[in-house]
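Student: Each step along the sequence shown adds one to the number in our numbering, with nothing skipped, and position 60 is 60.
Note that beta-carbon positions come from the ideal geometry of N, C-alpha and C, so glycine has one too.
Owing to the predicted nature of the structure, the values given are computational and were not obtained by experimental measurement.
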Amino acid sequence: MKHSSDYFRNSTTAKLEPLVMYVDMNCYFASCEQQRHPELRGKPLGVLTYDGPNAAVIAASVEAKAMGVKTGMRLGDCRVLCPDMLTITTHPAWYRTIHVDVMNILRSYCDDVIPRSIDEAVCNFHSYALVYKDLTEVAQQIKADIAAKYDYLKCSIGIAPNTFLAKVGTGLQKRNGLVIITPENIDEHLAKMKLQDLPGIANANEQRLRKSGINTPLEMRHSSAAVLRKVFGGVVGEYWHRRLNFGEVDMYNRAENRTMSATRTMSRRQSQDRQQLESMLISLCTRLEQRMVKGGLFCKDVSFAIRYRDNTKWETSVKMPEPVQDANELRGYIKERIAHFERSHNLSTLFNPNTTNLTVVVQSFVKDTVMQYSLFDNRLKKDALRKVVYQIKDIYDQKNIVRRGSEMFSPHVMKDAIGFGSVKDMIVKDGQVKNKHLLEEDESPGEPRKIVFRRKEPPPAPKEEDEVYTEYAGPEYSDVISDE
Ligand SMILES: [Mg+2]
């Protein structure tokens, strides 16, 4: 949701006052479980999305972390490190209840609270300089309010002149932290950190920096904007310079403004075949799905346009009840609109032989970190699986596999290729295994098709139509505030 002050949130001018607070709940899911089950407190605990020998821990308690258990670790590996670890499956509704309560506590101090994920939020105190003399006192009070409602829940709070540095502050003290970063002490803090301690700096970025002789966060902060532009190849470097020098880049999520579109023009011959038109719609949705998975984005709006040879056009836009990434779902919304229009105007089909171009546009993006709210209901596995399938394609260099599958003319094959099965399919163990562990179970990495994609018909002949994929970004944007 857009706040009225979005326009002012990101700013090119440095603001030196530490008036941004970042709140990050510690070991959130595990602590929520320990809150509700006192018998689990003080014990190593792993939270799972489902129970099974291959399950992976999506959150570990402080006690389990102390034994070396990490998020994403498989149960078998956890048992080696921590034989006494207890497990519990997720209770999304409970985590959301606590999230809402915590956000309400934050909003009782500041009306500009921006949730960043189910367990993180930014509070913008720039309008409160006259109200609070000392934000560390406010932070203590927030911790006390949370503890009064949920005595086992702890959070780390960072206070700084911008969102990025405030988030850095939450990472400096592990549990129940409170760190304030100011222009006076920033160098002292950065001097103790490694490049990868900065949110948004992982292997690739670290290598880039090192190649240019920048080996520490401190050196990075004291590099000029011009140097960082060179390192990161453009405006992204400018953003890094601002982050480390008190400019605001991250408070307002620019992803909201972006659009992605996929469009395809077809030959006269192709448009004679309704099935081909249907396949192209699937192909366009799949393209967008692929881009969203890679970008870690879900969209809230989808638009679709059909252009005809006489230059007339039919278009529709759908605001979806919840953010979507799945190609089949996108297509479902579009098809519903098409069917409704056809019915209410007694048209046999909008996909008529005069069709010359199809375009699908998605926008109003939500980061997948924020999506955790609803994902946990029943979509988490499906969304995780989709991500893994794309990773597998990258690993095996089979980048065309989805496209080929989705362009086949037999509907059940298409469904297989893009839907990646439903949640139910993933629990089915016999026959076609469709769960997120298939990478490890596959002994011959040369044959990924056998696991996920079954080709039932030969691929279509080479295409003659041109296909255009565009991604219009408006102002350039980067999504650095996220855990990697
Ligand atoms: Mg956290």
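Could you give the uninterrupted runs of the alpha helix (DSSP H) lying entirely in the segment 175 to 211, keeping only those of 4 residues or more?
Tutor: The DSSP assignment places 186 to 191, 203 to 211 as complete runs of the alpha helix (DSSP H) inside the segment 175 to 211, in order along the chain (cut-off: 4 residues).
Student: For E17, which beta-bridge partners are listed by DSSP?
Tutor: Counting from one through the sequence shown, the residue named residue 17 turns up at place 17. According to DSSP, residue pairing for E17 in a beta bridge does not occur.
Student: With a threshold of 8 angstroms, are at least 3 pairs of Cβ atoms found where one atom belongs to the segment 280 to 288 and the other to the segment 317 to 334?
Tutor: yes
Student: Hey, how far is the Cα of N352 from the Cα of S271?
Tutor: For the purposes of this step, residue 352 is taken as residue 352 along the sequence shown, with counting starting at 1. For the purposes of this step, residue 271 is taken as residue 271 along the sequence shown, with counting starting at 1. Taking the straight line from one Cα to the other gives about 7 angstroms.
Student: Sorry if obvious, but does the Cβ on E206 come closer than 7 angstroms to a heavy atom of ligand 1?
Tutor: As a first step, residue 206 must be located in the sequence shown, where it is residue number 206. Checking every heavy atom of ligand 1 against the Cβ of E206, none is found closer than 7 angstroms.
Student: Using beta-carbon positions only, say whether I181 and G171 come within less than 8 angstroms of one another.
Tutor: Within the sequence shown, the letter at position 181 stands for residue 181. Within the sequence shown, the letter at position 171 stands for residue 171. Between I181 and G171, the CB-CB gap reaches or exceeds 8 angstroms.
Student: I want to know whether the segment 82 to 96 touches the segment 35 to 50 - three or more CB-CB distances under 8 angstroms.
Tutor: yes
Student: Below 8 angstroms, how does it come out for the segment 194 to 205 and the segment 216 to 234: are there three or more Cβ pairs, yes or no?
Tutor: yes
Student: With H, G and I counted as helix, E and B as strand and the rest as coil, what does DSSP make of D301?
Tutor: Your numbering for residue 301 matches position 301 in the sequence shown. Three-state DSSP puts D301 in a strand.
Student: Suppose only complete runs of 3+ residues qualify. What are the beta strand (DSSP E) ranges in the segment 146 to 170, listed by chain order?
Tutor: 155 to 160
Student: Is the beta carbon of M67 within less than 7 angstroms of some heavy atom of ligand 1?
Tutor: Reading the sequence shown from its first residue, position 67 is the one you call residue 67. No; taking the cut-off as 7 angstroms, the Cβ of M67 has no heavy atom of ligand 1 nearer than that.
Student: On the criterion of 16 or more Cβ atoms from any shown chain inside 10 Å, does S61 qualify as buried, or is it exposed?
Tutor: Mapped onto the sequence shown, residue 61 falls at position 61. Under a 10 Å Cβ-count criterion, S61 is classified as buried, with 16 or more other Cβ atoms of the shown protein chains found around its own Cβ.
Student: Any idea if K367 is buried or exposed, counting beta-carbon neighbours within 10 angstroms, 16 or more meaning buried?
Tutor: Here the question's residue 367 lines up with position 367 in the sequence shown. The residue in question, K367, is buried, as its Cβ has 16 or more Cβ neighbours within 10 Å.
Student: For the beta strand (DSSP E) holding A121, just list the boundary residues, first then last.
Tutor: Counting from 1 along the sequence shown, the entry for residue 121 is found at position 121. Boundaries of the beta strand (DSSP E) around A121: 120 to 124.
Student: Within 10 angstroms of its Cβ, does A93 collect 16 or more other Cβ (buried), or is it exposed?
Tutor: Start at 1 with the first residue of the sequence shown, and residue 93 comes out as number 93. Exposed: under 16 other Cβ atoms inside 10 Å.
Student: Can you tell me whether N26 is buried or exposed, with buried defined as 16 or more other CB within 10 angstroms of its CB?
Tutor: Numbered from its first residue, the sequence shown carries residue 26 at position 26. Label assigned to N26: buried.
Student: Could you give the first and the last residue of the continuous beta strand (DSSP E) run that contains E248?
Tutor: The residue given as residue 248 occupies position 248 in the sequence shown. That residue, E248, is in no beta strand (DSSP E); it is neither H nor E in DSSP.
Student: Since I believe K300 is in contact with K319 (beta carbons under 8 angstroms), could you give me their beta-carbon distance rounded to a whole number of angstroms?
Tutor: Taking the first residue of the sequence shown as position 1, residue 319 is located at position 319. Taking the first residue of the sequence shown as position 1, residue 300 is located at position 300. With a Cβ gap of about 7 angstroms, K319 and K300 count as contacting.
Student: For ligand 1, any of its heavy atoms closer than 7 angstroms to the Cβ of E120?
Tutor: For the purposes of this step, residue 120 is taken as the residue at position 120 of the sequence shown. Between ligand 1 and E120, a heavy atom-to-CB distance of less than 7 angstroms is present.
Student: Note the first and the last residue of the continuous beta strand (DSSP E) segment covering G46.
Tutor: Counting from 1 along the sequence shown, the entry for residue 46 is found at position 46. From DSSP, the beta strand (DSSP E) with G46 extends over 45 to 48.
Student: In whole angstroms, what is the alpha-carbon distance linking R291 and S348?
Tutor: Within the sequence shown, residue 291 is the residue found at index 291, counting from 1. Within the sequence shown, residue 348 is the residue found at index 348, counting from 1. R291 and S348: Cα-Cα distance of roughly 33 angstroms.
Student: Considering only the beta carbon of each residue, do Q363 and R264 sit closer than 8 angstroms?
Tutor: Reading the sequence shown from its first residue, position 363 is the one you call residue 363. Reading the sequence shown from its first residue, position 264 is the one you call residue 264. No, the pair does not count as a contact, with Cβ atoms beyond the cut-off.
Student: DSSP puts Y488 in a beta bridge; with which residues?
Tutor: The structure shown does not extend to residue 488, since the chain is modelled only from 1 to 484, so the question has no answer here.
Student: DSSP three-state label for R274, please.
Tutor: Counting from one through the sequence shown, the residue named residue 274 turns up at place 274. Helix at R274.
Student: Should the segment 185 to 200 be regarded as contacting the segment 19 to 33, the criterion being three or more beta carbon pairs within less than 8 angstroms?
Tutor: no
Student: Could you pull the start and end residues of the alpha helix (DSSP H) that T504 belongs to?
Tutor: Past the boundaries of the shown model lies residue 504; the chain is included only from 1 to 484, so the question cannot be answered.
Student: Which residue wins for smallest C-alpha separation from T89, given the options I98, G76, A262, A30?
Tutor: By one-based count along the sequence shown, residue 89 stands at place 89. The option with the nearest alpha carbon to T89 is A30.
Student: By DSSP, does I338 sit in helix, in strand, or in coil?
Tutor: By one-based count along the sequence shown, residue 338 stands at place 338. Of the three classes helix, strand and coil, the one that applies to I338 here is helix, per DSSP.
Student: Alpha carbon to alpha carbon, how far is N54 from K70?
Tutor: Stepping through the sequence shown from its first residue, residue 54 is reached at position 54. Stepping through the sequence shown from its first residue, residue 70 is reached at position 70. Rounded to the nearest angstrom, the two C-alpha atoms are 15 angstroms apart.
Student: Looking only at DSSP bridge pairs, what is V324 linked to?
Tutor: As a position in the sequence shown, residue 324 is number 324, starting the count at 1. BP columns for V324 point to C299.
Student: For a test of your reading of the model: does the CB of Y28 fall under 7 angstroms from any non-hydrogen atom of ligand 1? Yes or no.
Tutor: Your numbering for residue 28 matches position 28 in the sequence shown. Result yes, Cβ under 7 angstroms from ligand 1.
Student: According to DSSP, is A66 part of a helix, a strand, or is it coil?
Tutor: The residue you call residue 66 lines up with position 66 of the sequence shown. It is helical.
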